[in-house]
Amino acid sequence: MGQGDQEKPIVVCTTNVLGSIVRDLMGDSVDITVLVNPSLCPADYDIKPGDIYALSKAKVLFYHGIPGENPWLNNLLEAAGNKQLILVKVAGTYNTPEGAKNCIKIIAGNLSQIFGVDLSSRMSELLNEIDSVAGQIQYRAHSLRVGNFSIICMHWQKAFVEWVGFKVAATYRPPEQLSASEIASLIDVARKNNVALIIDNLQVSAEFGASIASEVGAIHVVLTNFPGAIPGTENLAKMFRYNADLLFSALERWSLMKKTETELEALRSQVENLRSMLESLIAENESLKNQAFVYQSVLAVIAVAAIVELIMLLVKKSS
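Residue numbers for the sequence shown follow the working numbering, beginning at 2 and rising by one.
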């Protein structure tokens with residue numbers, strides 16, 4: 002690594018939501034340190050010596066101001082001891098297109114001011130990318146009529162899922178915080194609302210919703226709340242597309258499953274009708290057999306009677 006690379010200003014971001022935006026805006030003109038691995042919830046972050054060092058040398062720190070940062074951010078800042086560090090809070094939701102665009106504008110404005118660079122063109126490109134992806138998602142959502150379907154999701158995915166257009170029947174907190182009665186209530190709500198999807202948040206739990214889904218006949222989906230946790234989700238626009246594609250694919254599977262169940266039920270009904278008809282035919286056949294037996298028996302009696310009379314006549318004649 003050359004001297005020029007080592008002298009790049011350092012930008013620290015608490016999450017890759019912020020880090021991915023800085024990267025898209027600034028490219029390789031700055032060194033970016035993202036504190037929380039995108040596959041983890043911020044509340045699960047553990048302070049590392051390398052992060053303390055990066056923060057001690059950094060020009061600026063971008064953070065959300067969310068509860069998950071509270072347990073460790075102040076301790077990290079104190080350990081870094083960087084009195085010249087510029088702190089920029091990027092508040093508000095980011096997992097809807099409008100929220101993402103607001104984050105991009107805040108970060109671009111601050112980076113332009115701090116580093117004296119014109120980012121207006123690059124910012125416009127990012128905003129247009131968000132709008133383009135949002136339009137594609139909304140078009141697909143409309144064609145699938147997602148507003149007719151109910152879902153249950155982890156609370157931190159509610160904003161995005163509602164924006165896509167689904168009806169949110171219920172949300173849930175991190176699974177470890179749920180009581181048995183709350184889980185039972187979720188199952189009850191899912192059944193009453195014919196819920197199609199149970200949506201987990203990757204950074205919290207990728208498995209909790211699966212048990213509920215299997216219980217109520219829904220499809221289990223796992224969305225990511227941070228870019229970069231999964232290949233193909235390097236920034237917010239790509240993350241939106243990835244998450245939406247998962248939702249649409251799962252909805253199509255659920256619809257096909259329900260259609261198949263309906264067709265199977267219709268076939269079962271037809272089979273039951275055919276079985277009833279067959280039983281009736283068998284009963285009628287038995288009845289016909291019985292009638293034939295009676296007829297044959299009567300003929301036999303008549304024949305016997307005729308023979309008896311003939312014998313009696315012969316006996317009379319012979320006498």
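Cβ atoms here follow ideal geometry from the backbone N, Cα and C, with glycine treated the same way.
Through-space distance from residue j to residue i, alpha-carbon basis
{"i": "V31", "j": "L120", "result": "14 angstroms"}
{"i": "D6", "j": "D29", "result": "Residue placement at D6 is poorly supported in this model, since its pLDDT is 49, which falls under 50; the coordinates are not used for a value here."}
{"i": "I11", "j": "G66", "result": "20 angstroms"}
{"i": "I48", "j": "A80", "result": "10 angstroms"}
{"i": "T16", "j": "A238", "result": "16 angstroms"}
{"i": "A135", "j": "K106", "result": "17 angstroms"}
{"i": "S151", "j": "A101", "result": "25 angstroms"}
{"i": "S250", "j": "E262", "result": "18 angstroms"}
{"i": "L248", "j": "L128", "result": "23 angstroms"}
{"i": "K60", "j": "I108", "result": "14 angstroms"}
{"i": "L187", "j": "V147", "result": "21 angstroms"}
{"i": "I213", "j": "N75", "result": "38 angstroms"}
{"i": "F167", "j": "H143", "result": "11 angstroms"}
{"i": "D52", "j": "P68", "result": "20 angstroms"}
{"i": "G229", "j": "E70", "result": "19 angstroms"}
{"i": "L179", "j": "A211", "result": "15 angstroms"}
Sheet register partners of residue i (DSSP bridge)
{"i": "L88", "result": "L62"}
{"i": "V222", "result": "I200"}
{"i": "A171", "result": "I153"}
{"i": "C14", "result": "V35 and F63"}
Residue j beta carbon less than 8 angstroms from that of residue i
{"i": "A207", "j": "V217", "result": "no"}
{"i": "S40", "j": "L203", "result": "yes"}
{"i": "V18", "j": "T34", "result": "no"}
{"i": "W164", "j": "N226", "result": "no"}
{"i": "V23", "j": "L88", "result": "no"}
{"i": "A245", "j": "I138", "result": "yes"}
{"i": "S72", "j": "A55", "result": "For the sequence presented, residue 72 should be read as Pro rather than Ser. No, Cβ-Cβ distance for P72 and A55 is not below 8 angstroms."}
{"i": "K84", "j": "Y64", "result": "no"}
Same chain only: Cβ atoms within 7 angstroms of residue i, ignoring 5 sequence neighbours per side
{"i": "F209", "result": "P176 and D201"}
{"i": "G82", "result": "S57"}
{"i": "N103", "result": "G93"}
{"i": "A197", "result": "F150, S151, I152, A219, I220, L252 and W255"}
{"i": "M27", "result": "L112"}
Buried or exposed by the 16-neighbour rule on C-beta atoms within 10 Å, applied to residue i
{"i": "E126", "result": "exposed"}
{"i": "N96", "result": "buried"}
{"i": "M155", "result": "buried"}
{"i": "V272", "result": "exposed"}
{"i": "L62", "result": "buried"}
{"i": "L265", "result": "exposed"}
{"i": "E280", "result": "exposed"}
{"i": "K159", "result": "buried"}
{"i": "D189", "result": "exposed"}
{"i": "I231", "result": "buried"}
{"i": "Y140", "result": "exposed"}
Residues near residue i by beta carbon distance below 6 angstroms, same chain, minus five either side
{"i": "Q4", "result": "Caution is warranted here: a pLDDT of 46 is assigned to Q4, below 50, making its placement in the model unreliable, and the coordinate value is therefore given only provisionally. Closer than 6 angstroms at the Cβ level, and outside the excluded window around Q4, lies no residue."}
{"i": "M2", "result": "Here the model assigns M2 a pLDDT of 40, short of 50, so the residue's position is not dependable, and the following value carries that caveat. Nothing meets the Cβ criterion."}
{"i": "N194", "result": "S151 and A170"}
Close beta carbons around residue i, own chain, < 8 angstroms, minus the five adjacent residues each side
{"i": "F161", "result": "N96, T97, L224, F241 and N244"}
{"i": "G233", "result": "K239 and Y243"}
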